[in-house]
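Report on the following structure.
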Amino acid sequence: MFQVRFWGVRGSIPTPGPSTAGVGGNTSCLEVRCGEKLIILDGGTGLRELGNELLKGEPLTASMFFSHVHWDHIQGFPFFVPAFVPGYRFDIYGGKNLSSTLAETLAGQMNFPNFPVTLDQMGATMLFHEFDDGQLVQLGGDVTVRGLMLNHPDGVYGYRIEHDGKSIAYCTDTEHREEPDAHVLELAASTDLLIYDAQYTPEEYTGETGGGSKVGWGHSTFVEAAKLAEMAGAKRIVLFHHDPMQDDDAVAEKERRCRELFPNSEAAREGLIIEI
Ligand SMILES: [Zn+2]
Ligand SMILES: [Zn+2]
Numbered sequence: 382m383f384q385v386r387f388w389g390v391r392g393s394i395p396t397p398g399p400s401t402a403g404v405g406g407n408t409s410c411l412e413v414r415c416g417e418k419l420i421i422l423d424g425g426t427g428l429r430e431l432g433n434e435l436l437k438g439e440p441l442t443a444s445m446f447f448s449h450v451h452w453d454h455i456q457g458f459p460f461f462v463p464a465f466v467p468g469y470r471f472d473i474y475g476g477k478n479l480s481s482t483l484a485e486t487l488a489g490q491m492n493f494p495n496f497p498v499t500l501d502q503m504g505a506t507m508l509f510h511e512f513d514d515g516q517l518v519q520l521g522g523d524v525t526v527r528g529l530m531l532n533h534p535d536g537v538y539g540y541r542i543e544h545d546g547k548s549i550a551y552c553t554d555t556e557h558r559e560e561p562d563a564h565v566l567e568l569a570a571s572t573d574l575l576i577y578d579a580q581y582t583p584e585e586y587t588g589e590t591g592g593g594s595k596v597g598w599g600h601s602t603f604v605e606a607a608k609l610a611e612m613a614g615a616k617r618i619v620l621f622h623h624d625p626m627q628d629d630d631a632v633a634e635k636e637r638r639c640r641e642l643f644p645n646s647e648a649a650r651e652g653l654i655i656e657i
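Numbers 382 to 657, taken from the working numbering, label the letters of the sequence shown in order.
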């Protein structure tokens, strides 16, 4: 089994409400199943619902990989109920920013007076692993996770997960440059599934529409997704990290335009499950 399930697909801030209910309003969180192994990518608000689903089963061990610690990737963590339950164990991987470790940042968002419970009051076993650029993590069996730094304010890791001769690449919160990003190409090389930051349309990115240029904000477009997938020989694209300004129709239009460039592509929606 090699399966990806999308629990949160929105970028920057949750977007509840009727105009976004089809795509879903939760921020970044993916569940990846590789045989017996459970990998969680990012802890945006989608993590809360994943946690509720996990509670239906027995306590388990999972590995969590954080791309980075911007709010939309960590905000679900204080509401991730399994982390409060003894018996669960989480191996938590992520980079260090300039001033603090991943553990300090996750704890920081729960510090008084921002939250009533602290990280060390959570009952599950949590082991923090500091992640370095280019590191390969062996999770047992044939499951590996490799991470490379991408282009984003305060830094970000993209990850490639391999299992059973197949792979997925998770490259969110990254901005394209004029030259294609060698790290994206490496993570996405011949991958079965490229999940890519397509927050903007090209017009939104340049500022032609949507209230000003987004150049330098650390996000990319579906056109770059198609270009990079083509160059890397990726088989399939999921457009990810939708801009909060995009309602369901806008995301569908982005998907339609991307399919003109790269037919095997689709927009991430909450609840989407892909068998690799
Ligand atoms: Zn983000
Ligand atoms: Zn970010």
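Backbone N, C-alpha and C fix where the C-beta goes; we use that ideal spot for every residue, glycine too.
ask   = CA-CA distance, L529 and E439?
value = Approximately 33 Å, taken between the alpha carbons.
ask   = Can you give the beta carbon distance from C410 to L428, rounded, assuming they're within the 8 Å contact cut?
value = Yes, C410 and L428 are in contact; Cβ-Cβ is about 4 Å, under 8 Å.
ask   = What's the call for K595, buried or exposed, on a 16-neighbour Cβ count within 10 Å?
value = Burial of K595 is indicated by the presence of at least 16 other C-beta atoms within 10 angstroms of its C-beta.
request  = Tell me whether A563 is buried or exposed, calling it buried when 16 or more other Cβ atoms sit within 10 Å of its Cβ.
outcome  = Here A563 is exposed: its Cβ has fewer than 16 other Cβ atoms, across all protein chains shown, within 10 Å.
E543, DSSP secondary structure in three states = Correct three-state label for E543: strand.
query = What's the gap between the Cα of F460 and the Cα of S481?
reply = So the two alpha carbons sit approximately 22 Å from each other.
request  = Go ahead and label P494 buried or exposed: buried means 16 or more other beta carbons lie within 10 angstroms of its beta carbon, across all protein chains shown.
outcome  = Answer is exposed; the Cβ neighbour count stays below 16.
Residues near Q384 by beta carbon distance below 6 Å, same chain, minus five either side = Result list for Q384: R414 and E656, in chain order.
message = Between which residues of its own chain and F643 is the CB-CB distance below 6 Å, once the five residues before and five after are set aside?
response = Around F643: A607, A610 and I618.
request  = For the beta strand (DSSP E) holding L500, just list the boundary residues, first then last.
outcome  = L500 -> no beta strand (DSSP E), and no H or E assigned at all.
Helix, strand or coil at M530 according to DSSP, with G and I counted as helix = DSSP places M530 within a strand segment (E or B) once states are collapsed to three.
task = Give me the Cβ distance between G406 and R391, rounded to the nearest whole Å; I'm assuming they're in contact under 8 Å.
result = With 8 Å as the limit, G406 and R391 qualify as a contact, their Cβ atoms being about 6 Å apart.
query = According to the neighbour-count rule (16 or more other Cβ atoms, all chains shown, within 10 Å of its Cβ), is R541 buried or exposed?
reply = Per the 10 Å Cβ criterion, buried.
request  = State yes or no: is the C-beta of S400 within less than 8 Å of the C-beta of D629?
outcome  = In contact: S400 and D629 (Cβ atoms closer than 8 Å).
query = Of the residues T525, T602 and L422, which one's Cα is nearest the Cα of Y586?
reply = Relative to the Cα of Y586, the nearest Cα in the group T525, T602 and L422 belongs to T602.
task = Could you spell out the range, first to last residue, of the beta strand (DSSP E) harbouring Y474?
result = Element bounds for Y474: R470 to G475.
request  = Consider the C-beta atom of H557 and the heavy atoms of ligand 1; say whether any pair is separated by less than 7 Å.
outcome  = No, Cβ of H557 sits at least 7 Å from all heavy atoms of ligand 1.
request  = Please list, following the chain, all residues that have a C-beta closer than 5 Å to any non-hydrogen atom of ligand 2.
outcome  = Having a Cβ closer than 5 Å to some heavy atom of ligand 2 are H451 and D554.
Candidates R637, E543 and T408: closest to V518 by CA position = Sorting R637, E543 and T408 by C-alpha distance to the C-alpha of V518 places E543 at the top.
message = Let's see if you can read the secondary structure: which residues bound the beta strand (DSSP E) around R386?
response = That run of the beta strand (DSSP E) goes F383 to G389.
query = Considering only the beta carbon of each residue, do A579 and L620 sit closer than 8 Å?
reply = In contact: A579 and L620 (Cβ atoms closer than 8 Å).
key: Simplified DSSP state of H511, which is helix, strand or coil   = In the sequence as presented, His is not what sits at residue 511; that position holds Glu. If DSSP states are grouped into helix, strand and coil, E511 belongs with the strands.
query = With 16 other CB atoms within 10 Å as the buried threshold, where does P395 fall?
reply = Buried.
task = Decide if N645 is buried, meaning its Cβ has at least 16 other Cβ atoms within 10 Å, or exposed.
result = Exposed is the call here.
ask   = T486 lies in the alpha helix (DSSP H); which residues open and close that run?
value = Residue range L483 to G489 is occupied by the alpha helix (DSSP H) that includes T486.
message = L487 and P463 - do their beta-carbons sit closer together than 8 Å?
response = Contact: no.
message = Just checking G457 against ligand 1 - is the residue's beta carbon closer than 7 Å to any of the ligand's heavy atoms?
response = Within the chosen limit of 7 Å, ligand 1 does not reach the beta carbon of G457 with any heavy atom.
request  = Say yes only if the C-beta of D535 is nearer than 7 Å to one or more non-hydrogen atoms of ligand 4, and no if none qualify.
outcome  = Of the ligands this structure carries, namely ligand 1 and ligand 2, none is ligand 4.
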